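Structure record follows, encoded as structure tokens.
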Amino acid sequence: MSSIVYFSSVSENTHRFVEKLELPATRIPLRDRIEVDEPYVLILPTYGGGHANGPDPDRGGYVPKQVIAFLNNEHNRSLIRGVIAAGNTNFGAEFGYAGVVVSRKCGVPFLYRFELMGTTDDVFAVRAGLTEFWAQSRKDQTCHQPSLQNR
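Residue numbering for the sequence shown is 204 to 354, as defined by this note's numbering.
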């Protein structure tokens, strides 16, 4: 299985969720910059919900600045394969909206969204879903590679 890259603010909600997954994960730090070297699924919280007019991908503010900086690194951006977003259902249509924004901007699937630190059902769903996602990704990658021929 490939890895998870995630961001969690000082609330630690996303961090607690990722810990429960018990899968390899790298945390985007609050201040320092990092670079990754393998394909990953990004897990991030959604910021700035609760607008009266609903979600607007052009408004900005949904994706944490640290995640924006991480994805502005072309190498990091080239390795993202999917996104999972945390949010708060109190924000209605903006629940988990950071996942929509990253999915559109990076051209990767929005795989799942969960509330705050997630439930036990969310943990099982994400763990199983990621296992299947990475298995399918490896299968797709193998199918598109040229076969070796005897000479």
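Every residue gets a Cβ at the ideal spot worked out from N, C-alpha and C, and that includes glycine.
As the structure is a prediction and not an experimental result, all values here were calculated from the model.
Could you please give me the residues that DSSP links to residue i through a beta bridge?
i           : result
residue 315 : 287
residue 248 : 289
residue 228 : 207
residue 243 : 206, 283
Measure from the alpha carbon of residue i to the alpha carbon of each residue in the options, then state which is nearest.
i           : options            : result
residue 265 : 220, 331, 324, 304 : 304
residue 309 : 319, 227, 214, 245 : 245
residue 228 : 292, 241, 291      : 241
residue 224 : 330, 342, 341      : 330
residue 287 : 215, 214, 300, 234 : 300
residue 285 : 215, 319, 337      : 337
Applying the 10 Å Cβ sphere with the 16-neighbour rule, what's the burial state of residue i?
i           : result
residue 327 : exposed
residue 206 : buried
residue 263 : exposed
residue 279 : buried
residue 334 : exposed
residue 289 : buried
Going along the chain, which residues of its own chain have a beta-carbon closer than 6 Å to the beta-carbon of residue i, five neighbours each way excluded?
i           : result
residue 210 : 231, 247, 267, 269, 270
Looking at chain C, is there any beta carbon in it that lies within less than 8 Å of the beta carbon of residue i?
i           : result
residue 290 : Although the question refers to chain C, the structure presented lacks it and comprises just one protein chain.
Ordered along the chain, which non-local residues of its own chain (more than five positions away) have a Cβ less than 7 Å from that of residue i?
i           : result
residue 251 : 264, 265
residue 325 : 317
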